[in-house]
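Novice: Handing you a structure now.
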Amino acid sequence: MPFSMVTRSSRESPSVAFLQWALPHLGLTWAGFRRVRRQVWRRVGQRIAALHLAGPGAYRSYLESHPEEWRLFDSFCRIPISRFLRDREVFERLARDVVPAIAAASGRRGEHLLRAWSAGCASGEEPYSLALLWCLELRTRLPTFGLDVLATDVDERLLERARAGRYRRSSLREVPLAWIDAGFARDGEWFEVRPEFRSMVVFQQADVRTELPNGPFDLILCRNLVCTYFDEPLRHRTLGRLLSVLRAGGAFVIGKDERLPSGLPGVEEWDARLGIFRCSANAGPSTPREVA
């Protein structure tokens with residue numbers, strides 16, 4: 298083994314070494330979790346304490362002898378980082394030409410209801426951002442069209458927060474002041490999404506790795522999830538399944554700093570700098586992978 302590898306390995310903390318061992322068991326990649334490892338380890342540490350185990354090595358042994366524990370460990374690996382209009386220029390591009398182009402194609406088919414899916418919606422900021430964008434920016438430009446938004450996440454606790462629609466000011470830092478006044482009711486330090494916008498979004502518990510809602514969709518947002526945290530085989534399978542419910546000509550949006558894997562069929566660039574792609578043809582479903 299090269300000396301550089303030995304030196305790096307010797308500096309690894311027990312928690313890092315544990316995560317590097319455990320994450321691949323779930324089809325997750327250490328590279329994606331490196332920056333958020335402390336958030337994950339805080340939850341793991343609480344579990345170790347609850348089990349009265351000695352440390353990471355003991356928890357590894359516990360996982361190996363209790364296969365059902367993997368599902369709980371999987372829940373520790375969820376990273377619910379979100380805010381309204383995150384990467385605002387992405388939403389500006391959607392409003393400027395992406396959604397109008399999708400609507401034009403829909404109109405040529407004689408359809409006037411657009412369907413959007415926010416996959417991995419966390420506590421709801423992204424799907425509500427779509428509702429705000431539609432009502433405050435696009436509806437007057439597309440008066441004959443409507444928009445329905447489905448938002449899914451694996452974590453029911455986050456979905457409960459999303460359905461409540463109450464957020465602190467820090468979650469709204471990229472939202473224009475006029476939109477805050479129009480879209481939210483102030484309740485002390487909380488900002489509550491007004492009913493007009495909440496009614497556009499349906500929240501549903503689903504694991505993007507194993508469950509697929511009924512399509513087709515005209516717009517799918519799956520940002521900072523699959524292309525960040527999933528390893529390459531699981532990433533390819535999951536993206537293929539997502540694209541299988543995206544209408545040809547529809548838009549597929551990943552995180553601004555993410556990259557689609559090479560060789561993924563059925564997609565072409567719309568604005569790759571912003572993570573926006575177009576479905577050139579349905580990629581076709583693939584078999585979902587069960588969580589360990």
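For any residue, its number in my numbering is found by taking its place in the sequence shown, counting from 1, and adding 297.
Ideal Cβ placement from N, Cα and C applies to all residues, glycine included.
Quick caveat, the model's predicted, so the values are computed rather than measured.
(1) For Arg466, which residues in the same chain have their Cβ closer than 8 angstroms to its Cβ, ignoring the five residues on either side in sequence?
(2) Could you tell me which residues DSSP pairs with Tyr526 in its beta bridges?
(3) Looking at the strands, I want to know which residues DSSP matches up with Gln501.
(4) Put Asp554 into one of helix, strand or coil per three-state DSSP.
(5) Write down the C-beta distance between Leu444 and Ala402 rounded to the nearest angstrom, noting that I regard them as a contact closer than 8 angstroms.
(6) Taking the alpha helix (DSSP H) that Val395 belongs to, which residues open and close that run?
(7) Along the chain, which unbroken stretches of the alpha helix (DSSP H) at least 4 residues long are found entirely within the segment 366-426?
(8) From the DSSP output, in three-state form, read off Gly324 for me.
(9) Can you tell which of Leu323, Leu447, Pro311, Cys524 has the C-alpha that lies nearest to the C-alpha of Val365?
(10) DSSP three-state call for Val542: helix, strand or coil?
(11) With a cut-off of 8 angstroms on the beta carbons, I'd call Ser358 and Ser420 a contact; round off their distance for me.
(12) So, at 7 angstroms on beta carbons, what are the nonlocal neighbours of Val337 in its own chain, with the 5 sequence-adjacent residues on each side left out?
(13) Between the Cα of Leu539 and those of Arg332, Asp554, Pro562, Phe381, spot the shortest distance and give me the residue it belongs to.
(14) Would you decide whether Trp431 is buried or exposed? Buried here means 16 or more other CB atoms lie within 10 Å of its CB.
(15) Mind checking which residues open and close the alpha helix (DSSP H) that includes Trp476?
(16) Of all the options Trp476, Arg406, Ile399, which has the alpha carbon lying nearest to the alpha carbon of Leu439?
(17) Would you tell me roughly how many angstroms separate the C-alpha atoms of Ala319 and Pro353, rounded to the nearest one?
(18) Please list the terminal residues of the continuous beta strand (DSSP E) segment that includes Val564.
(19) Consult DSSP for Gly485 and reduce its assignment to one of helix, strand or coil.
(20) So is Glu457 buried or exposed if we call it buried at 16+ other beta carbons inside 10 Å?
(21) Do you know how far the Cα of Ala351 is from the Cα of Val588?
(22) Can you give the Cα-Cα distance for Leu411 and Phe481, rounded to whole angstroms?
(23) With three or more C-beta pairs closer than 8 angstroms as the rule, is the segment 468-475 touching the segment 382-393?
(24) Do you know offhand how far Arg463's Cα is from His533's?
(25) Could you tell me the boundaries of the beta strand (DSSP E) in which Phe514 lies?
(26) Given a cut-off of 8 angstroms on the beta-carbon distance, is the pair Pro377 and Leu455 in contact?
(27) Of all the options Cys524, Gly546, Glu453, Leu536, which has the alpha carbon lying nearest to the alpha carbon of Thr326?
Specialist: If we stick to the structure as given:
(1) Non-local beta-carbon contacts of Arg466 in its own chain, meaning distances under 8 angstroms to residues more than five positions away in sequence, involve Glu486, Phe488 in chain order.
(2) For Tyr526, which the question treats as bridged, DSSP gives no partner whatsoever.
(3) The partner list for Gln501 (beta bridge, DSSP) reads Thr449.
(4) Of the three classes helix, strand and coil, the one that applies to Asp554 here is coil, per DSSP.
(5) 15 angstroms between Cβ atoms; not a contact.
(6) Neither: Val395 is in no alpha helix (DSSP H) and is coded neither H nor E.
(7) With a minimum length of 4 residues, the continuous alpha helix (DSSP H) runs that stay inside the segment 366-426 are 366-373, 385-390, 396-405.
(8) Note: Gly324 maps to coil in three-state DSSP.
(9) According to the sequence displayed, residue 365 carries Glu and not Val. Between Glu365 and the set Leu323, Leu447, Pro311, Cys524, the nearest pair of CA atoms involves Leu323.
(10) Here Val542 sits in coil by DSSP.
(11) Rounded, the Cβ-Cβ distance is 35 angstroms, inconsistent with contact.
(12) Same-chain partners within the cutoff: Leu316, Phe330, Phe373, Cys374.
(13) When the alpha-carbon of Leu539 is set against those of Arg332, Asp554, Pro562, Phe381, the nearest one is in Pro562.
(14) Counting every other CB atom within 10 Å of its CB across the protein chains shown gives Trp431 a total of 16 or more, marking it as buried.
(15) That run of the alpha helix (DSSP H) goes 474-480.
(16) Answer by Cα proximity: Ile399.
(17) C-alpha separation (whole angstroms): 11 angstroms.
(18) In the DSSP annotation of this structure, the continuous segment of the beta strand (DSSP E) that includes Val564 starts and ends at 564-568.
(19) The answer is coil: DSSP assigns Gly485 none of H, G, I, E or B.
(20) Taking a 10 Å sphere around the C-beta of Glu457, we find fewer than 16 other C-beta atoms and assign the residue as exposed.
(21) In this predicted model, Val588 has a pLDDT of only 42, less than 50, meaning its place in the structure is not dependable; the value taken from the coordinates is given anyway. If you take the alpha carbons of Val588 and Ala351, they lie about 27 angstroms apart.
(22) One Cα belongs to Leu411, the other to Phe481, and the distance between them is close to 24 angstroms.
(23) They touch, by the three-pair rule.
(24) Straight-line Cα distance between these residues: approximately 35 angstroms.
(25) Taken as a continuous stretch (DSSP letters only), the beta strand (DSSP E) holding Phe514 covers 514-518.
(26) Yes; because the gap between Cβ atoms is below 8 angstroms, this pair is in contact.
(27) Residue Cys524 is the option with its Cα nearest to Thr326.
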